[in-house]
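Note that the protein sequences, when read in sequence, are chains E and Z. Residue numbering for the first sequence follows the working numbering, starting at 1 and increasing by one per position. Residue numbering for the second sequence follows the working numbering, starting at 351 and increasing by one per position. Glycine included, each C-beta is placed from N, C-alpha and C at the ideal position. Quick caveat: nothing in here was measured; it's all calculated off a predicted structure. Since the structure comes first, as structure tokens, the remarks are kept for the end.
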Amino acid sequence: MADRQLMTGNEAMAEAAIRAGCRTYFGYPITPQNEILEYMAAHLPRAGGTFLQAESEVAAINMCYGAAAAGVRTMTSSSSPGVSLKMEGISYLAGADLPCVILNVARGGPGLGNIAPAQGDYFQATKGGGHGDYRLIVLAPSTAQEAADLAGLAFDLSDQYRVPALILADGMLGQMMEPVALPPHRDPATLPPKPWALTGAKGRDPNYIASFALEPTVLRDLNVRRHARYREIEAREVRWEEVATADAEVLLVAYGTMGRIAKTVVRRGRERGIRVGLLRPITLWPFPYSPIRKLAERVRAVLTVELSAGQMWEDVRLAVEGRCATPFYGEMGGVVPTPSEILTEVMRHV
Amino acid sequence: MSSTDTMTKVFARPRSLTEKPFTYCPGCDHGLLTRILAGAIDKLGIQERTVIIAPVGCAVFAYEWFRCDGIQASHGRAAAVATGLKRANPDLIVISYQGDGDLAAIGTAETIHAANRGEAITVIFVNNQIYGMTGGQMAPTTLAGQRATSCPEGRDVRTMGHPLPVAEMIATLAAPAYVTRQSLHDPKHVAQATKAVEKALRYQVEGKGYSLVEVLSTCPTGWRMPPAVAHKHVADVVTGAFPLGDLVDRG
Ligand SMILES: Cc1ncc(C[n+]2csc(CCOP(=O)(O)OP(=O)(O)O)c2C)c(N)n1
Ligand code: SF4
Ligand SMILES: [Mg+2]
């Protein structure tokens, strides 16, 4: 039976990472994710792993680069300004085809912003952020349970495709306490082998890890091969949840904390006889373009709701491609709209 | 006068070097130091446990010059990458090879903190007082008055800072096992530098902790000096600004 505990989203991700076989964690304090760092400090050494408080987010992500190269499951966590600092390192991880899990418990921005929940890091997470033609697998939990589940999945997908995975959460999810059914512990020794890892060139040719190729055709070919893996991920790994979409007239699209609030909107709307449904992307990359497109064929409007000025909105409009109206409703700076405010907006489109 | 049967082989390619040609300019001390490092790896018999971390700089290709596992780090972050590797697998012998821009400008924080934690790694620090790879700009180690492409009138210490004494800075910390400054300007110093590199690696094998071997090196291209003149410049001028010798030895 799964082990049930009352935990915050932050703790759930940390514990799930340890259970998934994460054995190195490198981080730097920043609110609202300090509980992850502190949880790892207390629990990772007991699981036989290494916790290290780095001198900066830049150092932390590069420590992950080293640990990932050694073939060990590795994670770092931070919040928006710290994730910005990690971007060069994330680009190197992507360019060297190294698996790594990065948690962004995002906050209000830009700049120092504030520590309230926000979704202004969607572009950074899904469209690059660092330099070069790369992708991250981006997962967006909306409950503590899902945070735990996706933390485990992030390690598996990242290893399988050798693509870094980022979990995009926010302070509300990170701090909220909920019962979580935890997965069983996995022994790192039972995980699939990594023949490419740097373990010492004993009885084999040396392994080299780099994102560097001076010759343009060589670098082009490396990129082309990596992008073939990205196409595979797009074909196989899109995840989303639908709520009351069968007869919906207005479709809400929202993720993470906003997706959770949107569920309340759907419930209240339905109680009043409003035909409102929800599509909640779970993978932000790969993005659920085709499920949204299918629903766009039969709804009146696809209303994107975000804690930003409209970042995922761009992907929703790409999915809809003019099939119906694509209004947007959002708040910024850490302000979270209430279900009734959103319901009022829904009514304008029925 | 010599016949092949009486000749002893005094110079051979170290076993732990691959066939890949170096990309260094002719007469550059980088080539000599890379060979010294390979020879030390051979001597200690650690080729099958070693990971070489290449910097961004003229040694950027170093990760594939050794018959050892290798990795290329982003500019300045080799000490953090080394930390990650060593913490993930303490059986590895982890060597970072870094230039002065890499280690002492952009990577100063990672350098100092890895040393202060006493990470069980070996850092080979190539102090050539210039940014070789990007075309000869000022480095944190550029001497007072020295010209570089980004200080064409010479380094003015009043506005550009003083040459950064890396070995001395690291030597103030409690954790490092071995901190030394060496040079390659003549055979005697090459022999001493070779011993220092071997000692630094031996300390890692013996679990003694962090070592930094700073090596005064030439950049004939960036300095616009023929190699022999460059070595004389090291002997006459550079060693005055950067004194040679062991600063810490807790072996
Ligand atoms: C983040 C980043 N900034 C700048 C550069 C450009 N860059 C490449 S090598 C280098 C300086 C290298 O100088 P040094 O470390 O002294 O090595 P050397 O070439 O002298 O051996 C710089 C600034 C880079 N690659 N990455
Ligand atoms: S530029 Fe200078 S440091 Fe770089 S390889 Fe040439 S001589 Fe050596
Ligand atoms: Mg240099």
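Next on the checklist: Check this for me: beta carbons of L514 (chain Z) and T491 (chain Z), under 7 Å apart or not?
Outcome noted: As a position in the second sequence, residue 514 (chain Z) is number 164, starting the count at 1. As a position in the second sequence, residue 491 (chain Z) is number 141, starting the count at 1. Yes, these two residues count as a Cβ contact at 7 Å.
Next on the checklist: Please classify M177 (chain E) as buried or exposed, where buried requires at least 16 other C-beta atoms within 10 Å of its C-beta.
Outcome noted: Here residue 177 (chain E) refers to the residue found at position 177 when the first sequence is read from its first residue. Counting Cβ neighbours within 10 Å, M177 (chain E) comes out exposed, since fewer than 16 surround it.
Checklist entry - Closest to A67 (chain E) by CA distance: which of E:A41, E:S78, E:L85, E:A96 is it? => result Reading the first sequence from its first residue, position 67 is the one you call residue 67 (chain E). When each option's Cα is compared against that of A67 (chain E), the closest is E:A96.
Next on the checklist: Alpha carbons only, please: which of Z:V547, Z:L383, Z:T433, Z:H463 is nearest the one belonging to G70 (chain E)?
Outcome noted: Counting from 1 along the first sequence, the entry for residue 70 (chain E) is found at position 70. In the sequence on display, residue 70 (chain E) carries Ala and not Gly. The option with the nearest alpha carbon to A70 (chain E) is Z:T433.
Next on the checklist: Quick check: T31 (chain E) and I115 (chain E), are their CB atoms within less than 7 Å of each other?
Outcome noted: Position 31 of the first sequence, counting from 1, holds the residue named residue 31 (chain E). Position 115 of the first sequence, counting from 1, holds the residue named residue 115 (chain E). In this structure, I115 (chain E) lies closer than 7 Å to T31 (chain E) by Cβ.
Next on the checklist: Below 9 Å on C-beta distance, what does T400 (chain Z) contact in chain E?
Outcome noted: In the second sequence, the residue the question calls residue 400 (chain Z) occupies position 50. Going along chain E in sequence order, the residues near T400 (chain Z) (Cβ under 9 Å) are G200, A201.
Checklist entry - Using a threshold of 6 Å, is the CB atom of P376 (chain Z) nearer than that to any non-hydrogen atom of ligand 2? => result Stepping through the second sequence from its first residue, residue 376 (chain Z) is reached at position 26. No - ligand 2 has no heavy atom lying nearer than 6 Å to the Cβ of P376 (chain Z).
Checklist entry - Do we get a CB-CB distance below 7 Å when we pair V72 (chain E) with the residues of chain Z? => result As a working note, residue 72 (chain E) is residue 72 in the first sequence. Interface residue, yes.
Next on the checklist: Distance cutoff 7 Å, beta carbons only. Does T433 (chain Z) sit that close to anything in chain E?
Outcome noted: Residue numbering aside, residue 433 (chain Z) sits at position 83 when the second sequence is read from its first letter. It does; some Cβ of chain E falls within 7 Å.
Next on the checklist: Given this structure, state the Cα-to-Cα distance separating K263 (chain E) from A325 (chain E), to the nearest angstrom.
Outcome noted: Sequence index remark: in the first sequence, residue 263 (chain E) carries index 263 (1-based). Sequence index remark: in the first sequence, residue 325 (chain E) carries index 325 (1-based). If you take the alpha carbons of K263 (chain E) and A325 (chain E), they lie about 21 Å apart.
Checklist entry - Are the stretch 155 to 174 of chain E and the stretch 118 to 131 of chain E touching, with three or more C-beta to C-beta distances below 8 Å? => result yes
Checklist entry - How many whole angstroms separate the CB atoms of A517 (chain Z) and S561 (chain Z), which I take to be in contact at a CB cut-off of 8 Å? => result The residue you call residue 517 (chain Z) lines up with position 167 of the second sequence. The residue you call residue 561 (chain Z) lines up with position 211 of the second sequence. Their Cβ separation, rounded to whole angstroms, is 11 Å, which puts A517 (chain Z) and S561 (chain Z) out of contact at 8 Å.
Next on the checklist: Using a Cβ-Cβ distance cut-off of 7 Å, determine whether I209 (chain E) contacts chain Z.
Outcome noted: On the first sequence, residue 209 (chain E) is found 209 positions in, with the first residue counted as 1. It does: the Cβ of I209 (chain E) has a partner Cβ on chain Z nearer than 7 Å.
Checklist entry - Residues of chain Z with CB under 8 Å from C64 (chain E), in chain order? => result In the first sequence, the residue the question calls residue 64 (chain E) occupies position 64. The answer, in chain order, is G434.
Checklist entry - Using DSSP with H/G/I as helix, E/B as strand and the rest coil, what is S79 (chain E)? => result Mapped onto the first sequence, residue 79 (chain E) falls at position 79. S79 (chain E): coil per DSSP, three-state reduction.
Next on the checklist: Under DSSP, the beta strand (DSSP E) around Q532 (chain Z) begins and ends at which residues?
Outcome noted: Your numbering for residue 532 (chain Z) matches position 182 in the second sequence. 528 to 533 is the span of the beta strand (DSSP E), which, as asked, contains Q532 (chain Z).
Checklist entry - CB of Y65 (chain E) to nearest heavy atom of ligand 1: below 6 Å? => result Along the first sequence, one-based indexing puts residue 65 (chain E) at 65. False, no ligand heavy atom lies under 6 Å from that Cβ.
Checklist entry - Whose CA, out of E:G21, E:T338, E:I36, E:Y28, lies closest to the CA of A12 (chain E)? => result To locate residue 12 (chain E), count along the first sequence from 1; it is residue 12. Out of E:G21, E:T338, E:I36, E:Y28, E:I36 has the C-alpha closest to the C-alpha of A12 (chain E).
Checklist entry - Is G449 (chain Z) near ligand 3, judged by its Cβ being under 6 Å from some heavy atom? => result On the second sequence, position 99 is the one that residue 449 (chain Z) refers to. Checking every heavy atom of ligand 3 against the Cβ of G449 (chain Z), one is found closer than 6 Å.
Next on the checklist: By the three-class DSSP mapping on this structure, what secondary structure does C418 (chain Z) have?
Outcome noted: The residue given as residue 418 (chain Z) occupies position 68 in the second sequence. The answer is coil: DSSP assigns C418 (chain Z) none of H, G, I, E or B.
Item to check | Sheet register partners of A404 (chain Z) (DSSP bridge) | outcome: Here residue 404 (chain Z) refers to the residue found at position 54 when the second sequence is read from its first residue. For A404 (chain Z), which the question treats as bridged, DSSP gives the partners Z:Q422.
Next on the checklist: Run through the DSSP bridge pairs and tell me what I443 (chain Z) is partnered with.
Outcome noted: Indexing the second sequence from 1 puts residue 443 (chain Z) at position 93. DSSP, once it has assigned bridges, lists Z:T400 as partnering I443 (chain Z).
Checklist entry - How many Å lie between A201 (chain E) and I386 (chain Z) at the Cα? => result As a first step, residue 201 (chain E) is located in the first sequence; it is residue number 201 there, counting from the start. As a first step, residue 386 (chain Z) is located in the second sequence; it is residue number 36 there, counting from the start. Straight-line Cα distance between these residues: approximately 20 Å.
Checklist entry - Which residue or residues does DSSP assign as beta-bridge partners of M7 (chain E)? => result Position 7 of the first sequence holds residue 7 (chain E). Per DSSP, E:E178.
Checklist entry - Cβ atoms of G269 (chain E) and L222 (chain E): under 7 Å apart, would you say? => result Working through the first sequence from its first residue, we reach residue 222 (chain E) at position 222. Working through the first sequence from its first residue, we reach residue 269 (chain E) at position 269. Taking 7 Å as the Cβ cut-off, L222 (chain E) and G269 (chain E) do not qualify as a contacting pair.
Checklist entry - For E57 (chain E) versus S77 (chain E), is the C-beta distance shorter than 7 Å? => result Taking the first residue of the first sequence as 1, we reach residue 57 (chain E) at position 57. Taking the first residue of the first sequence as 1, we reach residue 77 (chain E) at position 77. No.
Item to check | Bridge partner(s) assigned by DSSP for Q53 (chain E) | outcome: Walking along the first sequence from the start, residue 53 (chain E) turns up at place 53. According to DSSP, Q53 (chain E) bridges with E:G27.
Item to check | Cutoff 8 Å; reference D133 (chain E); Cβ partners in own chain excluding five residues on either side | outcome: Position 133 of the first sequence, counted from the first residue, corresponds to residue 133 (chain E). Closer than 8 Å at the Cβ level, and outside the excluded window around D133 (chain E), lie N223, H227.
Item to check | Environment of S340 (chain E) [buried if 16+ CB atoms lie within 10 Å] | outcome: For this step, residue 340 (chain E) is matched to residue 340 along the first sequence. When all chains shown are included, S340 (chain E) counts as exposed.
Next on the checklist: Please state whether the Cβ-Cβ distance between A541 (chain Z) and T530 (chain Z) is less than 7 Å.
Outcome noted: Start at 1 with the first residue of the second sequence, and residue 541 (chain Z) comes out as number 191. Start at 1 with the first residue of the second sequence, and residue 530 (chain Z) comes out as number 180. No, these two residues do not count as a Cβ contact at 7 Å.
Item to check | Below-7 Å beta-carbon distance, N478 (chain Z) vs any chain E residue | outcome: Translated into the one-based positions of the second sequence, residue 478 (chain Z) becomes position 128. No, N478 (chain Z) does not count as interfacial toward chain E.
Checklist entry - From R552 (chain Z) to N478 (chain Z), what distance separates their C-alpha atoms? => result By 1-based counting over the second sequence, the position of residue 552 (chain Z) is 202. By 1-based counting over the second sequence, the position of residue 478 (chain Z) is 128. Rounded to the nearest angstrom, the two C-alpha atoms are 25 Å apart.
Item to check | At least 3 beta-carbon pairs within less than 8 Å: the stretch 379 to 393 of chain Z vs the stretch 405 to 421 of chain Z | outcome: yes
Next on the checklist: Give me, in chain order, the residues of the same chain whose beta-carbon lies closer than 7 Å to that of T354 (chain Z); leave out the 5 immediate sequence neighbours on both sides.
Outcome noted: Your numbering for residue 354 (chain Z) matches position 4 in the second sequence. A caution first: T354 (chain Z) carries a pLDDT of 48, below 50, which makes its placement in the model too unreliable to give a value.
Checklist entry - Heavy atom of ligand 3 less than 6 Å from the Cβ of A580 (chain Z), yes or no? => result Working through the second sequence from its first residue, we reach residue 580 (chain Z) at position 230. Outside the cutoff, so no.
Next on the checklist: Rounded to the nearest angstrom, what separates L186 (chain E) and G21 (chain E) at their Cα positions?
Outcome noted: Position 186 of the first sequence holds residue 186 (chain E). Position 21 of the first sequence holds residue 21 (chain E). Note on residue identity: the sequence assigns Arg, not Leu, to residue 186 (chain E). Computed Cα separation, rounded: 6 Å.
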